[in-house]
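Numbering (this note's numbering), first residue to last: 50 to 302.
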């Protein structure tokens, strides 16, 4: 098998050139990082779980008319996606106070917010992905005002979908982050949801117990991260009810 051309390697994924123009193969690694990669580990099966969960969420969004870059899952660790021009922002939607918001504003974790709050971080690992305002975004040309209107609309639709889906399986959607990509169809630009949606990019708490089922398990040493992600996958029906950790297949290039 010919070795594929690697385009980019991040903390949790590797991107390879796709089989057709305008496509990319997205490979999910088992690497876990926190605090801007100051804490690292390898969690066996994490990449398989995130691949399956991201497929599930992206397919659901596509089905309700929220456009995403997802085309199809290729195997246990890889999916085929559309190539996009990533807007250099992380879009964060918060339904409850947690994490950096609680630290910044002194609000107790788990406090319900009066309405979903959308925040933006500039994507730059060296700077620690700093929080920015719409004024920064406009001034530095990262996105136009029309883009921002579209981004907020997309983010809130994703929030409605994810929050309802999670509530139905006894999980509270505390917050999540997404990335947005630009695709061009002739002279026409369209914004779509890109990257991934998984417990790596969401805060998920059990409604009854408050148990954390997301990457905070790794950040705060609360237990086995693969167990938490497997529980989310089981509740959503992505994995059988009696499933244990997802297996770790061999990497073939």
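In this text, a Cβ means the ideal position worked out from N, Cα and C, and glycines have one as well.
For the candidate residues the options, whose alpha-carbon lies nearest to that of residue i?
i, options, result
"residue 163", "144, 193, 208", "144"
"residue 160", "152, 166, 142, 146", "146"
"residue 215", "284, 96, 121", "284"
"residue 226", "205, 257, 116", "205"
"residue 77", "86, 97, 70", "97"
"residue 101", "270, 271, 247", "247"
"residue 275", "55, 88, 79", "79"
"residue 256", "150, 213, 104, 186", "213"
With DSSP run on the structure shown, which of helix, strand or coil describes residue i?
i, result
"residue 186", "helix"
"residue 83", "strand"
"residue 242", "strand"
"residue 109", "helix"
"residue 78", "coil"
"residue 115", "coil"
"residue 194", "helix"
"residue 258", "coil"
"residue 69", "coil"
"residue 213", "helix"
"residue 206", "helix"
"residue 281", "helix"
"residue 95", "helix"
"residue 270", "coil"
"residue 101", "helix"
Whole angstroms is fine: what's the gap from residue i's alpha carbon to residue j's?
i, j, result
"residue 282", "residue 198", "32 angstroms"
"residue 155", "residue 66", "45 angstroms"
"residue 139", "residue 180", "9 angstroms"
"residue 119", "residue 261", "27 angstroms"
"residue 130", "residue 106", "14 angstroms"
"residue 241", "residue 232", "7 angstroms"
"residue 92", "residue 245", "18 angstroms"
"residue 267", "residue 259", "16 angstroms"
"residue 184", "residue 220", "35 angstroms"
"residue 218", "residue 74", "31 angstroms"
"residue 83", "residue 270", "11 angstroms"
"residue 62", "residue 192", "25 angstroms"
"residue 54", "residue 230", "21 angstroms"
"residue 289", "residue 277", "15 angstroms"
"residue 209", "residue 175", "32 angstroms"
Answer with buried or exposed for residue i, where buried requires no fewer than 16 other C-beta atoms within 10 angstroms of its C-beta.
i, result
"residue 279", "buried"
"residue 239", "exposed"
"residue 173", "exposed"
"residue 299", "In this prediction, residue 299 has a pLDDT of 44, which is less than 50 and means its spatial position is unreliable; what the coordinates show is noted afterwards. Label assigned to residue 299: exposed."
"residue 202", "exposed"
"residue 189", "exposed"
"residue 94", "buried"
"residue 152", "exposed"
"residue 234", "exposed"
"residue 117", "buried"
"residue 86", "exposed"
"residue 69", "exposed"
"residue 305", "Shown here, the chain extends from 50 to 302; a query on residue 305 therefore has no answer."
"residue 126", "buried"
"residue 265", "buried"
"residue 52", "exposed"
Any Cβ of chain C within less than 7 angstroms of the Cβ of residue i?
i, result
"residue 254", "The chain labelled as chain C is not found in the depicted structure, where only one protein chain is given."
Does any heavy atom of the ligand MN sit closer than 6 angstroms to the C-beta of residue i?
i, result
"residue 287", "Among the components of this structure there are no ligands whatsoever, and the ligand MN is therefore not found."
4-residue-minimum alpha helix (DSSP H) runs that sit fully inside the stretch 133-172, ordered along the chain: 148-154
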